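**Student:** If you count the sequence shown from 1, position 32 lands on 36 in the numbering used here, and the numbers rise without skipping.
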Amino acid sequence: MLIWLYLRDFPIYSGIHILHMHHLDFFCRSYDLRGVVPDHIDADMFFRLGRACAQHFDFSRIAVGRDGRLSSPELHRSFVDGVRTQGKNVVDLGMVTSDMLYFSTLHYDDVDFGAMITASHNPKQYNGIKLCRNHAVPVSFKETGELLRDLVVKDNFSPPTRWNAETRDILPAWLDHVCSRVNTSAIKPIRVVADAANGVAGLVVRPLSERLGITLDAMYFDIDGDFPHHLPTPIEPASTLDMTRRVRETSADLGVIFDGDGDRVCICDELGRMFSGT
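1) DSSP has Val208 in a bridge; who is on the other side?
2) Where does Ala200 fall in DSSP's three states?
3) Examine the Cβ distances between the region 261-278 and the region 203-216 and report whether three or more of them are shorter than 8 Å.
4) Hey, could you find the ends of the beta strand (DSSP E) Ala222 is sitting in?
5) Mind reading off the beta-carbon distance from Leu258 to Cys270? Whole number of angstroms is fine, and I expect it under 8 Å.
6) Using only the alpha-carbon positions, how far apart do Ala169 and Val251 sit?
7) So is Gly118 buried or exposed if we call it buried at 16+ other beta carbons inside 10 Å?
8) Note down, in chain order, each residue of its chain lying with its Cβ closer than 8 Å to the Cβ of Phe107, except the 5 sequence neighbours on either side.
9) In the DSSP assignment, what are the bridge partners of Arg195?
10) Using a 10 Å radius around the Cβ and a threshold of 16 neighbouring Cβ atoms, would you call Tyr224 buried or exposed?
11) When DSSP builds the beta bridges, which residues end up paired with Cys183?
12) Please work out which residues of its chain come closer than 8 Å, Cβ to Cβ, to Lys192, disregarding the five sequence neighbours upstream and downstream, and give them in chain order.
13) For the putative contact between Val41 and Ser75, defined by C-beta atoms under 8 Å, what is the C-beta separation to the nearest angstrom?
14) Compute the beta-carbon to beta-carbon distance between Ile194 and Leu37, rounded to the nearest angstrom, for a pair I have assumed lies under 8 Å.
15) Quick one, which of Val197, Arg55, Gly217 has its alpha-carbon nearest Glu274's?
16) Where do the N-terminal and C-terminal ends of the beta strand (DSSP E) with Lys134 fall, by residue?
17) Could you name the residues of the same chain whose beta carbon sits closer than 6 Å to that of Asp103, not counting the 5 residues immediately before and after it, in chain order?
18) Pick helix, strand or coil for Gly264, following the three-state DSSP scheme.
19) In the DSSP output, which residue or residues are listed as bridge partners for Ile121?
20) Just to confirm, are Ile227 and Val204 a CB contact at a threshold of 9 Å?
21) Kindly indicate which three-state DSSP category Phe161 falls into: helix, strand or coil?
22) In the DSSP assignment, what are the bridge partners of Val269?
23) Relative to the C-alpha of Val87, which residue among Leu97, Gly72, Arg65 is closest?
24) Does DSSP put Asp344 in a helix, in a strand, or in coil?
25) Output the boundary residues of the alpha helix (DSSP H) element that contains Leu250.
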C-alpha cells in the first residue's frame, strides 16, 4: 500500500523498494533513501543510521549537510551524533545544496565521505539521505541498504567512543570553483528570473549571479520547509507557472527553477517555453 501511494504521487520513479528498518519503513532507491517523517523516518533511526554508516564504511572524516526542510535540523543532528558516537570525525557543513556537499569531498583533502540530509523534490512531509564516497562517488543503496538495515535493526554496534565535529563554510570555495569553470568576461548582460522554490538554492543563486554579472529577478528565495508557493520540483508543470509568467511579464532573457536541494534545474526561454534539465 505504501509503495503504491508513493508511485501514485511520483510515477516517474521506478525500481523503488521498501526496507523495514527499526520500527519504520522507508523507500530505498538506487542512490538515496526517502520516507515520510515521522511515519517512516525519525531522529532515533537517523542516529542509528549514523552509527551504521560509521561502522560499515571505511572513512576517517565525513562531511554532513542538510536541506531546508522542517525535519532536517533534527535528523541532521541525530545522524551527526550517531557518526561521532562510533568514533568518526564530522565536518558539519550546515544547510547547503547537494552539489555543495558533493564538492566538499573533492575540495577538502581530509574529507573522504559525505552525507546529505534531503528528500530533494519530494513534498514537505518527506525526508531522506544521500551518501557519497571520496571525489563524489555515489553510494548505492541497492548494494548497501540491506547491510545498513541489519546494523540498525540489530543495534549491533561496536562500543561507542565520542569523537569530534567541526563546522566549515563551503560556500566561498564552491563559488570560486563554479566561476573557474566559466569565462565570466564572455557573459553578455542578461536578465534572469530564478525560482528557488523556497529551497536551499536560495543560499547560492544570488551570490553566484553577482559573481557572473547577471541581473537577477529572485522568486521564493526565502528558505521555508513548508514550500508555501509550490512543490519543490521543477519538472511538475504547475510548479513552473509563476516563473514562466514572470519571465513573460518582465521580458526577461530566460528563467530557471530549482528543486528543494538545489541540484536540479529546469530552464525556460524568453517566451516561457520550458526545457527540461533532468
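A virtual CB, placed ideally from N, CA and C, is assigned to each residue, including glycine.
Just so you know, these numbers come straight off a predicted model, no measurement behind them.
**Tutor:** Judging by the given coordinates:
1) Partner(s): none; Val208 has no beta bridge.
2) coil
3) yes
4) 219-223
5) Incorrect: roughly 11 Å between the Cβ atoms, too far for contact.
6) 44 Å
7) buried
8) Ala140, Ile174, Ala177, Trp178, His181
9) Thr219
10) buried
11) Cys183 is not bridged to any residue.
12) none
13) 4 Å
14) That belief does not hold up - the Cβ atoms of Ile194 and Leu37 are roughly 38 Å apart, past 8 Å.
15) Val197
16) 130-137
17) Asp267
18) coil
19) Arg70, Ile133
20) yes
21) coil
22) Phe262
23) Arg65
24) Missing from the structure shown is residue 344; the chain here goes from 5 to 282 and no further.
25) The sequence shown places Arg at residue 250, rather than the Leu named in the question. First-last of the alpha helix (DSSP H) with Arg250: 241-254.
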